[in-house]
Amino acid sequence: MNEIFIRRSIRKYDNQPVEKEKIDQLIRAAMQAPSAGNQQPWEMIIVQNKEMLKKLSLMSPYSKMIEKASVAFVFLGNENVMKYPENWEQDLSAATQNLLLQAVELDLGAVWLGVAPLENRMQYIKDLFQLPDHVKAFSVVPVGYSDQNKFTDRYDPTKVHYEVY
Ligand SMILES: Cc1cc2nc3c(=O)[nH]c(=O)nc-3n(C[C@H](O)[C@H](O)[C@H](O)COP(=O)(O)O)c2cc1C
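Per my numbering, residue 145 is the first one in the sequence shown, and the count goes up by one each step.
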């Protein structure tokens, strides 16, 4: 699958807005992810408001690019629907990665910004969006048009073990 091989973290975006159809497709891709017991614990906040993007960009020293994104997806986990709460981070990871790969196919640039399990970042998002206690922030993915992309080959045969370690 070509998108897997050409995906990179994109942190610089053009001013061009991302179309609603593409935003919808990104949301759909995220929600197609596998999850423990099919619990689908994800929810997301779609942020396009410039003022909110700016505030979100202050989440950490490594999230400044959010300010210039056309849209940011804030991934959340809803504890009320978790049958297997110990797996929520894996579930949300799969959803986040699905969105990143769909972005490549739509000619968009995106980057996964880690939130959970870092308490200070989770709290920052909880406060910013006034999340209820049972909703946990997991990741933020800013998205925009970009001409940046640098392929890198990470295939490393020394990490592969056939039959025995
Ligand atoms: C859990 C996780 C957290 C990350 N957090 C950040 C972040 O806070 N800021 C950032 O610029 N990139 C972040 N990244 C992106 C990584 O830096 C990036 O994936 C890595 O350097 C490999 O580069 P590539 O995505 O271009 O292949 C994160 C990635 C993951 C998977």
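Quick reminder that beta carbons are idealized off the backbone N, C-alpha and C, glycines included.
The structure displayed is predicted, hence computed values, not measured ones.
Practice task
Only counting runs of 3 or more residues, tell me where the beta strand (DSSP E) segments fall wholly within the stretch 225-286, in order along the chain.
Solution key: none
Exercise for the section: Report all residues from its chain with a CB closer than 7 Å to the CB of Lys280; omit the five preceding and five following residues, and keep chain order. Expected result: Counting only Cβ-Cβ distances below 7 Å, and skipping sequence neighbours, we find Leu220, Gly221, Glu223, Ala260, Met266.
Exercise for the section: Measure the C-alpha to C-alpha separation of Val287 and Leu202 and round it to an integer number of angstroms. Expected result: Between the alpha carbons of Val287 and Leu202 lies a distance of about 16 Å.
Practice task
Inspect the beta-carbon positions of Leu243 and Val285 and report whether they are closer than 9 Å.
Solution key: yes
Exercise for the section: Examine ligand 1 and report whether any of its heavy atoms sits within less than 8 Å of the Cβ of Leu257. Expected result: Leu257: yes, Cβ under 8 Å from ligand 1.
Handout entry: CB contact flag (Arg152, Gln292, <9 Å)
Key = Yes; because the gap between Cβ atoms is below 9 Å, this pair is in contact.
Handout entry: Exposed unless 16 or more other CB atoms sit within 10 angstroms - verdict on Phe217
Key = buried
Handout entry: Extent of the continuous alpha helix (DSSP H) to which Met209 belongs
Key = Run containing Met209: none; DSSP gives neither H nor E here.
Practice task
Look at the Cβ atom of Glu147, then the Cβ atom of Val255, and state whether they are nearer than 9 Å.
Solution key: no
Practice task
Enumerate in chain order the residues of its own chain whose CB-to-CB distance from Leu252 is below 6 Å, with the five nearest sequence positions on each side excluded.
Solution key: Val287
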